[in-house]
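Q: Numbering of the sequence shown is given in this note's numbering, commencing with residue 374 and proceeding in unit increments.
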Amino acid sequence: MANVYKSLGAYGRIWTPEKIYVHTDKKIYRPGETIWAKAYILDGITHKNGTNSNIFYFEILGPNGNTISKKRVFRDKPGAEISFEIPNNVASGTYTIRACSKFMLNDLEPFYFEQELFIGNSRVGYVEKLENRTSPDTDAKTQLSDIQLSVHAEGGHLIYGIKGAIGVKANDSFGRPVSVRGEIINDYNEVITSFDTGDYGLAKCVFKPIKGNIYFIRTTSDSEDGKYPLPTILDSGYTLQIENLGPQMIISAKTNQPNGLKGTVLVGHTRGERFLWFQGTQIHNSEYNIRIPSDPLNDGIAHFTLFTEKGEPVCERLVYVENTGNPPKLKFTNQKLSENGEVSLQFTLSDSDGAYTSGDFSISVLENQTESNKNDLDLSMKDWLNLLSDLGHEPLAFAILAEPHPIKRRKTLDVLLLCSSWKRFSWKNWVHERPIDTYIAPEKGIVINGKVTSISNPLQIVPAIISLDILGADFYQTQKRTDSEGRFKFGPFDFTDSITMVLKASKLSGRSKSERRKVVIDLDEDGPFEFPVKVTKSRDFGKQSESADKVAPATTQKRYAPGDYDFETGKDITKLEEVVVTEKKLTKKELIAEQIKKITLYNRPSFRVFADSLPYTGIRNVLDLFRTLPGVQVKGPIGGETVRIRYGVNSILLPTEPIYLVDGVQVPLDAIKIMNSLDVMFIDVLKGAEASIYGIRGANGAIAVYTRRGTGLDYAGGQGDIGNGNRASPHMLTFTQPGFDSAKVFLNLPCPTSQTISTHSTVFWEPNVRIIGAKHKTLRFCAGTSDAKSYHVRVEGITEDGKAISEIFTLNLD
């Protein structure tokens, strides 16, 4: 059991999850308006202000899923401010805003923030969508053959002779929940129990399997031929059942093993913070029951796991803890309208015990005329942090959270979590899933790094002094020695404008200045940030889940060409890479770009390297060429090499290596090893969304090799035509480094003003509001000459102890 302690400790110290929540001023916009937003970056365990990353990536997806705007933002406060200007000619529809950090790529599955917004002049359709999203599919044309049933055994298994439970999920072919009535029957057609999946397509059945019987699911309108088998029932094993009563939980562990529950350990944690460690003894024999009050626990998903005496996890159950007793309270204490039209608002903040506390918030004020006001908080910070951010991208959970009846909401969520598994980590494969060499450090700012090598041999490390000059109004200069591997690192830096930088390197030893300058500076280039691809993976250590119909249709990951439309300007543009190195402009590549585009299936790779740009000294085969590729790692002895692309998706079910292609045809690594490096014209590396064109095969990226013979391109380049070694001064490198995107400042109109505020617009937006207990925080804004007399004040934020607050106050100025 020491490994369990070790795993939870490592999860908290090294792999501490990071969460992002984005508060937008509203959910429905018109063309020409601005999306005002604040991103809260939080510790994924405590939900307090995060201390890992300072750089975050945001993007907006259009109604068709294409990326139409990207931003890279630096956080120098508890949150990061963002703004997006909406063009007047933008298409109406549902848009999606996403937020992620590179440190979040350490997560085993995509847990980035995602939220829908609506842009358009007609809002009726979007409001109807919000109001009807929880409705079951009642279309009379829906056939039973279109219904997909999946069955999940509570805790992981059904055991003969032990009363257990199953969860049933019913969806149509579009993934929408459907209401289905059915029965559990045995092979004698005897009805054991019945179920009704109801509005949310979920139901729970409890029964005791009798050995010798075979059990099936049958929908009540099916014929006898419509029976579907239940998950495999084991002769012996363990079960874990939990009844969530709200104020308390009743946990029941059972077994029919000879030694009973002696030596077993039941572990419970919330987001990595352990609250339960219960060890079975001889007196417990084959069953024990535990009552746990919910009040002392943190709100969120409680993950329970039953381990055998040898430390093997055998049962798992998720429960949603939601304490409704005394949450922290943000009070709207005072409001005042002055004669000149200025409105003053005051707030105070207290914790669950009534004591004053502090927190960071963002506040928007909207006219109380918009159709969206009743749905303005359909995704709240509390719901995202406590449930959705740990459950993964589960649309059904989002719908259940809108259920107005608290008991139905709690019971339905409990069935959904019965059918789910913990995705942040799995006990059994902890070491294999999180090898330390794949750790992605949090970004603290812009970093300039690379290596210095010999001009005659790119694989030869050269001890050197390297200096960095930052040109501009505020000139900056620094220098340092390269490390034992010839690498250097400058930064982190924080700036918003593109800045010209100059790197200069010289050997530590040499008879003359010209001799010491016989070095080459290679600058690391990460390429554009790509959001992780959602790949459905089984993370259960033993949970039985079977579809009652045929295998569900596979989901195809769509691939989109980034940068084809700019959300801010509404113009077709081509976006530059993050780092533009002026000396690396490859004229030869530009001349044959159109020819290359005809022979590649993808629009553009993550990065491309021409073999002619590399001095061939020390390069013996194609794997040596791979070693020069940014982000590509080649490890192992000669003949037993392995290759992986950094930031590739790691999975316990999939191979960790990328796929290899030669002139568009997939080949094994062994075929690459025997190729002649002189035959290679260029190499493309694809990762993330760029590799999604190859489906699940490209989950860990792709390396595409193109030969001179296979491409048929008219290219007569020679060794040294392109590359760092042929710069006029290879020891010096000048480049332009783009800075961070900055948010606009909301213009708070002074009072009195004659400016009319347009209907449905945001009257006031303040992203950085610090409320300290009983000290009244006063905000002032001008209501303008609008006829509106009623406003909605939307407040979201986090207290100093990590409690999320989402409130809407009504402001009447009559």
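All residues carry an ideal CB built from backbone N, CA and C; glycine is no exception.
Tell me the DSSP bridge mates of R591?
A: According to DSSP, R591 bridges with E556.
Q: Based on DSSP bridge pairs, tell me the residues matched to A1177.
A: Answer is I1171, bridged to A1177.
Q: Does the contact criterion of 3 or more C-beta pairs under 8 Å hold for the stretch 724–741 versus the stretch 642–661?
A: Counting Cβ pairs under 8 Å, fewer than three are found: no touch.
Q: Helix, strand or coil for K782? Go by DSSP, reduced to three states.
A: Checking the displayed sequence, the identity of residue 782 turns out to be Arg instead of Lys. In the structure shown, R782 sits in a helix (DSSP, three-state: H, G or I).
Q: According to the neighbour-count rule (16 or more other Cβ atoms, all chains shown, within 10 Å of its Cβ), is P666 buried or exposed?
A: With fewer than 16 other Cβ atoms within 10 Å, it is exposed.
Q: For A464, collect the residues of the same chain with a Cβ closer than 6 Å to its Cβ; drop the 5 residues on either side in sequence, then sort them by chain order.
A: Here the set comprises nothing.
Q: Following the continuous alpha helix (DSSP H) through P768, name the residue where it begins and the one where it ends.
A: Note, P768: alpha helix (DSSP H), 768–773.
Q: Identify whether I838 lies in helix, strand or coil by the three-state DSSP scheme.
A: Note: I838 maps to strand in three-state DSSP.
Q: Specify the secondary structure class of G382 as computed by DSSP and reduced to three states.
A: DSSP places G382 in helix when its eight states are reduced to three.
Q: Which whole-angstrom value describes the C-beta separation of P404 and N462, a residue pair presumed to lie in contact below a C-beta threshold of 8 Å?
A: Right, their Cβ atoms sit about 7 Å apart.
Q: Can you tell me where the beta strand (DSSP E) with I408 in it begins and where it stops?
A: First-last of the beta strand (DSSP E) with I408: 407–416.
Q: Measure how close the beta-carbons of F798 and L481 come, nearest whole angstrom, since I'm counting them as under 8 Å.
A: About 7 Å; that satisfies the 8 Å criterion.
Q: If the criterion is Cβ atoms closer than 8 Å, does the pair L774 and L789 meet it?
A: Not closer than 8 Å, so no.
Q: Hey, out of R554, L478, I558, A814, whose CA is closest to Y573's CA?
A: When only C-alpha atoms are compared, the closest one is R554.
Q: Looking at the unbroken beta strand (DSSP E) that takes in E1030, where does it start and where does it end?
A: No beta strand (DSSP E) contains E1030, which DSSP labels as neither H nor E.
Q: Mapping DSSP to helix, strand and coil, what is E391?
A: Reduced to three states, the DSSP call for E391 is strand.
Q: At what residues does the beta strand (DSSP E) containing F1055 begin and finish?
A: F1055 -> beta strand (DSSP E) spans 1053–1059.
Q: Are L791 and G540 touching if we call contact CB-CB under 8 Å?
A: Result yes, Cβ atoms of L791 and G540 sit closer than 8 Å.
Q: Note down, in chain order, each residue of its chain lying with its Cβ closer than 8 Å to the Cβ of V820, except the 5 sequence neighbours on either side.
A: So the qualifying residues of the chain are K862, F863, G864, P865, F866.
Q: Under DSSP, the alpha helix (DSSP H) around D997 begins and ends at which residues?
A: 995–1000 is the span of the alpha helix (DSSP H), which, as asked, contains D997.
Q: Roughly how many whole angstroms lie between the Cα atoms of I428 and N1073?
A: Roughly 24 Å between the two C-alpha positions.
Q: Taking the C-alpha atoms as reference points, what is the distance between L750 and I674?
A: The predicted model places L750 with a pLDDT of 43, which falls under 50 and marks its position as unreliable; any figure quoted below should be read in that light. If you take the alpha carbons of L750 and I674, they lie about 21 Å apart.
Q: For S1134 and P460, what's the separation of their Cα atoms in angstroms?
A: Using only the alpha carbons, I get a separation of about 15 Å.
Q: Is W757 helix, strand or coil by DSSP?
A: Of the three classes helix, strand and coil, the one that applies to W757 here is helix, per DSSP.
Q: Tell me, to the nearest whole angstrom, how far the beta carbon of K1046 is from that of N994; I am working on the premise that it is less than 8 Å.
A: Between N994 and K1046 the Cβ distance is about 7 Å, and since that is below 8 Å, they are a contact.
Q: Does DSSP classify G1074 as helix, strand or coil?
A: Here G1074 sits in coil by DSSP.
Q: Could you have a look at K635 and say whether DSSP puts it in helix, strand or coil?
A: Three-state result, K635: coil.
Q: According to DSSP, is I813 helix, strand or coil?
A: I813: coil per DSSP, three-state reduction.
Q: Which first and last residues belong to the alpha helix (DSSP H) in which K1046 is found?
A: Taken as a continuous stretch (DSSP letters only), the alpha helix (DSSP H) holding K1046 covers 1042–1046.
Q: Can you tell me whether DSSP reads H657 as helix, strand or coil?
A: H657 falls in the helix class under three-state DSSP.
Q: In this structure, does DSSP put V924 in helix, strand or coil?
A: Model confidence at V924 stands at a pLDDT of 28, short of 50, so the residue's coordinates are unreliable and nothing is read from them.
Q: The alpha helix (DSSP H) with K880 in it runs from where to where?
A: Run containing K880: none in the alpha helix (DSSP H); it sits in the beta strand (DSSP E), 872–880.
Q: If I'm right that Y413 touches I1178 with Cβ under 8 Å, what's the distance once you round it to whole angstroms?
A: Their Cβ separation, rounded to whole angstroms, is 11 Å, which puts Y413 and I1178 out of contact at 8 Å.
Q: Less than 8 Å separating the beta-carbons of L1059 and A1075?
A: Contact flag set, yes.
Q: Count the other CB atoms within 10 Å of the CB of N1097; is the residue buried (16 or more) or exposed (fewer)?
A: Confidence at N1097 is low in this model, with a pLDDT of 48, below 50, so the placement of that residue is unreliable and no value is reported for it.
Q: What does I565 pair with, by DSSP beta-bridge criteria?
A: Bridge partners of I565: none, in fact.
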